[in-house]
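Using the UniProt record's numbering, the letters of the sequence shown map in sequence onto residues 1 to 496. The C-beta atom is built at its ideal place from N, Cα and C for all residues, glycine as well.
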Amino acid sequence: MDERAKIRVTLPRENPTSSYWQDPPDDIADERTTKDPPNKADIVIIGSGITGAAIAWNLLKDVNPGEKGSRNIVMLEARQACSGATGRNGGHTKAASYRSFLEHASLLGTPAAVQIARLEYNNIQAVHAFAKEHDIPCDSNPCHTIDIIYDQAQWAAAHEAVAAMKAAFPEGDPVAEYTFHSPAEVQSKFHCALDAGTVAGEQQTLYGGVSYPAGSISSYAFTTGLLKLCLSRGLNLQTNTPATSLMKNRDERTWTVQTPRGNIWTKDIILATNGYTAAIAPTFQGAIVPLRGQVTAQRPGSKLPEKGCLPTTYSFIYDKGYEYMIPRPKGSRNEGDLVIGGGLVRAKEEGLEEYGTTDDTTVNQDISDYLKDSLTRYLGVGEKGNWGEDHPDGRVRKEWTGIMGYTPDGFPMVGPVPGETGFWMSCSFQGHGMVLCWMCAKALVEMMEGRDNEELKGWFPEAFRVGFERMRKRFQGRLHTSVAVPPGPPVGGESG
């Protein structure tokens, strides 16, 4: 992993795989608010995914629609609008906070672990509430989820973690609302097979399930809807316009953002670049490492209840990994389709080649083959199974990849970049963006506007803030193991 982390991060690549959500592209996919990028701006946001869009919203929300605020805000996107991880995920708003709670408590203390879990829960609630309030057509579907567990150690750890959360939160707090289900209940209520067969020599026997509040959403439709709200308030969006270099000006207080279509002078730069961050900020090479994820959309089998429109979302958890599955809700396009992603550890060397790459123009065939057969194993085939016959048009409707960002300590990097003026970031969400990005964007704008006070510290985790020590950490082994190294090179050079 440490060698993969050294691979030079590139800008987003041309001609990526087309995701399920981006087919067809939204009408602002190639938006250029002005013919040419302006040569001067108060703020330049780099990245148009949910983080960049949420930051723009928090900066512009007090502006009336149809008016232009006092600040000139430009957003740069290397490809089409929302063409990165946000437009390529599985559409899950699921925290699974119990699965990280004990680790967070051990590393940071129980109060910090509670704070992180509450932020994740609040993020989910806020996203769905915003979609409803602003009538964004994005298949927002607050619902429950269930983790189907096929490993004895994972099953025991789930019980321990849920008990710890229930002890740490007030009685009845929805953040700690978890229900355990027996194998028989998982089979009858959630339509899963008691035996998911043998994979890589590992027998996958069902131990039980854990259900809790979550949701599903088209992240692409949500974010393009959010971008339209920002555009109506004066945002200047320039798609297919990559930022290629960030140059500190001689006054040491302002910046020049270089693009193939001209340079932009600005007071403040905000990176909302997730796994691509080190491509334009070399200091973060090895500190924020890309990881390619893979997702498929599959047509439901003939025997599935509700024609595939199951009422909950799913994760299937085993010894070293997991898959997640999101049934498309009733009333959505292709309702009943099952969006399933994961399978990383089923690739060669447990997916090692997926680390460090920014290539979302192709898929990993090992993972493709595994994901194609996953649902029949988990849901069961044959007379007693829940799958039935494949759809006449075939099982897999769409398959695609996307690039996530990971840090050695497993936390996002949010706040001012240390040692710099007017340089901000909210990046690296560990494949967990739909339960972190919204609140992290809100926190970043609070910091930018001088409200980094006790109120913010009361809900925003200290562990998420950027710092020199975190920037020096590097991976050693797989995810969440790290060592410290000397600081990297400066962000950029000087320009006039």
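Nonlocal neighbours in the same chain, by C-beta distance under 6 Å from residue i, ignoring five residues either side
{"i": "asparagine 72", "result": "Ala41, Asp42"}
{"i": "glycine 16", "result": "Looking at the sequence shown, residue 16 is not glycine but proline. Excluding sequence neighbours, proline 16 sits near Asp360, Thr361."}
{"i": "methionine 325", "result": "Tyr314, Leu338, Ile340"}
{"i": "threonine 179", "result": "Ser211"}
{"i": "glutamine 258", "result": "Thr244, Ser245"}
{"i": "cysteine 82", "result": "Ser48, Gly49, Tyr220, Thr223, Thr224"}
{"i": "methionine 404", "result": "Ala85, Gly275, Leu291, Gly293, Gly431"}
{"i": "glycine 402", "result": "Ala85, Arg88, Gly293, Asp360"}
{"i": "serine 140", "result": "His128, Ala131, Ile217"}
{"i": "lysine 267", "result": "Asp42, Thr254, Gly422"}
{"i": "glutamate 306", "result": "none"}
Rounded separation between residue i and residue j - CA only
{"i": "cysteine 143", "j": "leucine 444", "result": "29 Å"}
{"i": "arginine 233", "j": "glycine 380", "result": "51 Å"}
{"i": "arginine 377", "j": "serine 97", "result": "27 Å"}
{"i": "leucine 76", "j": "glutamate 3", "result": "31 Å"}
{"i": "phenylalanine 429", "j": "proline 412", "result": "5 Å"}
{"i": "glycine 172", "j": "leucine 60", "result": "36 Å"}
{"i": "aspartate 62", "j": "serine 302", "result": "50 Å"}
{"i": "proline 490", "j": "tyrosine 406", "result": "Note on proline 490: pLDDT 32, under 50, position unreliable in the model; the coordinate value appears next. For proline 490 and tyrosine 406, the distance between alpha carbons rounds to 21 Å."}
{"i": "valine 127", "j": "tryptophan 438", "result": "7 Å"}
{"i": "asparagine 386", "j": "lysine 398", "result": "22 Å"}
{"i": "phenylalanine 475", "j": "glycine 356", "result": "11 Å"}
{"i": "glycine 382", "j": "isoleucine 146", "result": "24 Å"}
{"i": "glycine 336", "j": "isoleucine 136", "result": "21 Å"}
Residue i vs residue j beta-carbon contact at 8 Å
{"i": "glutamate 103", "j": "leucine 436", "result": "no"}
{"i": "tryptophan 265", "j": "threonine 273", "result": "no"}
{"i": "tyrosine 220", "j": "threonine 33", "result": "no"}
{"i": "glycine 293", "j": "proline 300", "result": "no"}
{"i": "lysine 320", "j": "glutamate 350", "result": "yes"}
{"i": "alanine 279", "j": "threonine 10", "result": "yes"}
{"i": "asparagine 58", "j": "lysine 442", "result": "yes"}
{"i": "phenylalanine 284", "j": "methionine 471", "result": "yes"}
{"i": "proline 242", "j": "alanine 78", "result": "yes"}
{"i": "histidine 181", "j": "glycine 215", "result": "no"}
{"i": "arginine 99", "j": "alanine 161", "result": "yes"}
{"i": "isoleucine 28", "j": "lysine 228", "result": "yes"}
Close beta carbons around residue i, own chain, < 7 Å, minus the five adjacent residues each side
{"i": "alanine 52", "result": "What sits at residue 52 in the sequence shown is glycine, not alanine. The residues are Ile45, Met75, Ala272."}
{"i": "proline 25", "result": "Gln80"}
{"i": "arginine 395", "result": "Gln298, Arg299, Lys372"}
{"i": "aspartate 36", "result": "Arg261, Gly262"}
{"i": "threonine 205", "result": "Tyr150, Asp195"}
{"i": "glycine 342", "result": "Gly321, Tyr322, Glu323, Tyr324"}
{"i": "alanine 176", "result": "Met165, Lys166, Phe169"}
{"i": "tryptophan 155", "result": "Ile149, Tyr207, Gly208"}
Other residues of its chain near residue i: CB distance less than 8 Å, five sequence neighbours each side excluded
{"i": "glycine 419", "result": "Phe468"}
Residue i Cβ short of 7 Å to the ligand NAP heavy atom set
{"i": "phenylalanine 101", "result": "Judged by which ligands are present, the structure shown has none, so any question about the ligand NAP falls away."}
Counting pairs of Cβ atoms below 8 Å between the segment 179-194 and the segment 363-373, do you hit three or more? no
Whole runs of the alpha helix (DSSP H) within the segment 107-175, excluding any shorter than 4 residues: Listed in chain order, the complete alpha helix (DSSP H) runs (minimum 4 residues) inside the segment 107-175 are 110-133, 152-168.
Curious, which full-length alpha helix (DSSP H) runs of at least 4 residues does the segment 350-412 contain? Secondary structure within the segment 350-412: the alpha helix (DSSP H) runs of 4 or more consecutive residues, fully enclosed, are 365-379 (chain order).
Kindly provide the ranges of any alpha helix (DSSP H) runs that are 4 or more residues long and lie completely inside the segment 59-83, ordered along the chain. none
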